[in-house]
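Enquirer: Have a look at the structure that comes next, please.
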DNA sequence: GGTAGACCTGGACGC
DNA sequence: GCGTCCAGGTCTACC
């Protein structure tokens, strides 16, 4: 069955899919031209079902499921997609600011800014942990292994991202050997156990009223989450005050602004300070602008 | 508060 | 095929 979901005026599905690497980490996937997002969703917390999303018109996206969904499941899938695709977040202030800044006028035309996120904060945090201190190829391996070993199987044979409970009963030794997570293994286990026992309420972070600095400190208090990971997690929570500089961004910044000459992170941070609470998003869009090159001609 | 070394894996490279 | 080196963030101990 296929049903449609209304989207905001400036929404662009392709830009959201390509906003960062989540679209290729299991259980997400996309088609070759990055126009369709495939994912496994648990409507009402139930069994995972495969869903694909594509955009045929500016006003709506088409949501397709192989099976017929009852109204409550359809409603739940819609709610999950609204959160994953950031449909309910207001970017009008960001777009006004982007038009004031030279070098960012393409942003609104591209419908860029909405960063794809997982159905749960737990999934976002665990995946972010798997991006630290390794190649992207290894991140893909670790996340795929987490799904394969701990995730419930969906109707199409793919595995959903595991719940905290599914990992909590495991052992550090098993995670090292089967997930290939190395020294991250105790951190993964601790996070899953703390989330499963409600010692930490990760899911409340998306609605948190804490000041951003305080939320950043809470996110950073998770073992295995340092400044880079915490800054990126905050972006997925809708807070863009931190740049979350990693080696790739650093290199890209030097290429764009210093002729390849290395500078300190403080130097980079000072450059984006005038962009206020949106600086993390401006920074990310600037260093990843090349990703949009294929579509840019249509936007300019 | 700042710094050094350890952590673990996969890829690149030389033999 | 094997061994060595390096890159990639975070944690911990130490100054």
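Numbering (my numbering), first residue to last: 2 to 301. Heads up, the beta-carbon is just placed ideally off N, CA and C, and yes, glycines get one too.
What are the partner residues of residue 51, as DSSP defines its beta bridges?
Expert: Counting from one through the first chain, the residue named residue 51 turns up at place 50. Beta-bridge pairing links residue 51 to 41.
Enquirer: For residue 154, write down the residues that DSSP places opposite it in a beta bridge.
Expert: As a first step, residue 154 is located in the first chain; it is residue number 153 there, counting from the start. Partner(s): 160.
Enquirer: Can you tell me whether residue 6 is helix, strand or coil according to DSSP?
Expert: Position 5 of the first chain, counting from 1, holds the residue named residue 6. In this structure, residue 6 counts as strand in the three-state DSSP scheme.
Enquirer: In this structure, does DSSP put residue 305 in helix, strand or coil?
Expert: The structure shown does not extend to residue 305, since the chain is modelled only from 2 through 301, so no value can be given for it.
Enquirer: Secondary structure at residue 56, three-state DSSP: helix, strand or coil?
Expert: For the purposes of this step, residue 56 is taken as residue 55 along the first chain, with counting starting at 1. Residue 56 falls in the strand class under three-state DSSP.
Enquirer: Straight-line CA distance for residue 301 to residue 109?
Expert: Residue 301 sits at position 300 when you count from the first residue of the first chain. Residue 109 sits at position 108 when you count from the first residue of the first chain. A caution first: residue 301 carries a pLDDT of 38, below 50, which makes its placement in the model unreliable, though a value can still be read off. Taking the straight line from one Cα to the other gives about 11 Å.
Enquirer: With a 10 Å radius around its C-beta and 16 neighbouring C-beta atoms as the bar for buried, classify residue 236 as buried or exposed.
Expert: As a first step, residue 236 must be located in the first chain, where it is residue number 235. Classification of residue 236: buried, given that the 10 Å Cβ count is 16 or more.
Enquirer: If contact is defined by three or more beta carbon pairs under 8 Å, each pair taking one atom from either stretch, is the region 93-107 in contact with the region 48-62?
Expert: no
Enquirer: Using the C-alpha atoms, what's the distance from residue 100 back to residue 45?
Expert: Here residue 45 corresponds to residue number 44 of the first chain, with the count starting at 1. Here residue 100 corresponds to residue number 99 of the first chain, with the count starting at 1. Looking at the two C-alpha atoms, the distance is approximately 40 Å.
Enquirer: For a test of the three-state rule: what should DSSP assign to residue 231, helix, strand or coil?
Expert: The sequence position of residue 231 within the first chain is 230, counting from 1. Helix at residue 231.
Enquirer: Taking the runs of the alpha helix (DSSP H) that are 4 residues or longer, which of them lie wholly in the region 50-114?
Expert: 72-85, 93-101 and 107-111
Enquirer: Residue 1: buried (16+ other C-beta within 10 angstroms of its C-beta) or exposed?
Expert: No answer is possible for residue 1: the residues shown for the chain start at 2 and end at 301.
Enquirer: Can you tell me whether residue 257 is buried or exposed? The criterion is at least 16 other CB atoms within 10 Å of its CB, across all chains shown.
Expert: For the purposes of this step, residue 257 is identified with residue 256 of the first chain, where counting begins at 1. Label assigned to residue 257: exposed.
Enquirer: Can you grab the Cα-Cα spacing for the pair residue 134 / residue 91, in whole Å?
Expert: Your numbering for residue 134 matches position 133 in the first chain. Your numbering for residue 91 matches position 90 in the first chain. For residue 134 and residue 91, the distance between alpha carbons rounds to 33 Å.
Enquirer: Quick check on this structure: which residue in 68, 177 and 166 has the alpha carbon closest to the alpha carbon of residue 146?
Expert: The sequence position of residue 146 within the first chain is 145, counting from 1. When each option's Cα is compared against that of residue 146, the closest is 177.
Enquirer: How about the region 238-255 and the region 206-221: do they share at least three Cβ pairs that are nearer than 8 Å?
Expert: Taking 8 Å as the limit for Cβ pairs, the verdict is that the region 206-221 does touch the region 238-255.
Enquirer: Report yes if the CB atom of residue 24 is closer than 8 Å to the CB atom of residue 16, and no otherwise.
Expert: The residue given as residue 24 occupies position 23 in the first chain. The residue given as residue 16 occupies position 15 in the first chain. No.
Enquirer: For residue 351, which residues of its own chain have a beta-carbon under 8 Å away from its beta-carbon, when the five flanking residues on both sides are left out?
Expert: Only positions 2 to 301 of the chain appear in the structure, and residue 351 is not among them; the question remains open.
Enquirer: Look at the alpha carbon of residue 153 and the alpha carbon of residue 40, and state the distance between them as a whole number of angstroms.
Expert: Looking up residue 153 in the first chain gives position 152. Looking up residue 40 in the first chain gives position 39. Roughly 13 Å separates the two Cα atoms.
Enquirer: State the Cα-Cα distance for the pair residue 137 and residue 29, rounded to the nearest angstrom.
Expert: Here the question's residue 137 lines up with position 136 in the first chain. Here the question's residue 29 lines up with position 28 in the first chain. Answer to the nearest angstrom: the Cα atoms are 15 Å apart.
Enquirer: From the DSSP output, in three-state form, read off residue 205 for me.
Expert: Along the first chain, read from residue 1 onward, the residue named residue 205 stands at position 204. In the structure shown, residue 205 sits in a helix (DSSP, three-state: H, G or I).
Enquirer: Report yes if the CB atom of residue 27 is closer than 8 Å to the CB atom of residue 122, and no otherwise.
Expert: Indexing the first chain from 1 puts residue 27 at position 26. Indexing the first chain from 1 puts residue 122 at position 121. The answer is no: Cβ separation not under 8 Å.
Enquirer: Terminal residues of the continuous alpha helix (DSSP H) containing residue 25?
Expert: If you number the first chain from 1, residue 25 lands on position 24. Unbroken run through residue 25: none, as it is neither H nor E.
Enquirer: Are the CB atoms of residue 114 and residue 12 nearer to each other than 8 Å?
Expert: On the first chain, residue 114 is found 113 positions in, with the first residue counted as 1. On the first chain, residue 12 is found 11 positions in, with the first residue counted as 1. Going by C-beta atoms, residue 114 is not nearer than 8 Å to residue 12.
Enquirer: I'd like the list of long-range same chain contacts for residue 289, defined as Cβ closer than 6 Å, with 5 residues on each side in sequence excluded.
Expert: Counted from its first residue, the first chain places residue 289 at position 288. Nothing listed; no residue qualifies.
Enquirer: Reducing DSSP to helix, strand and coil, say where residue 186 ends up.
Expert: Residue mapping note: residue 186 aligns to position 185 of the first chain, counting from 1. In the structure shown, residue 186 sits in a helix (DSSP, three-state: H, G or I).
Enquirer: Less than 8 Å between the CB atoms is what I'm expecting for residue 246 and residue 229, so what's the real figure, rounded?
Expert: Within the first chain, numbered from 1, the residue matching residue 246 stands at position 245. Within the first chain, numbered from 1, the residue matching residue 229 stands at position 228. Confirmed, Cβ separation roughly 7 Å.
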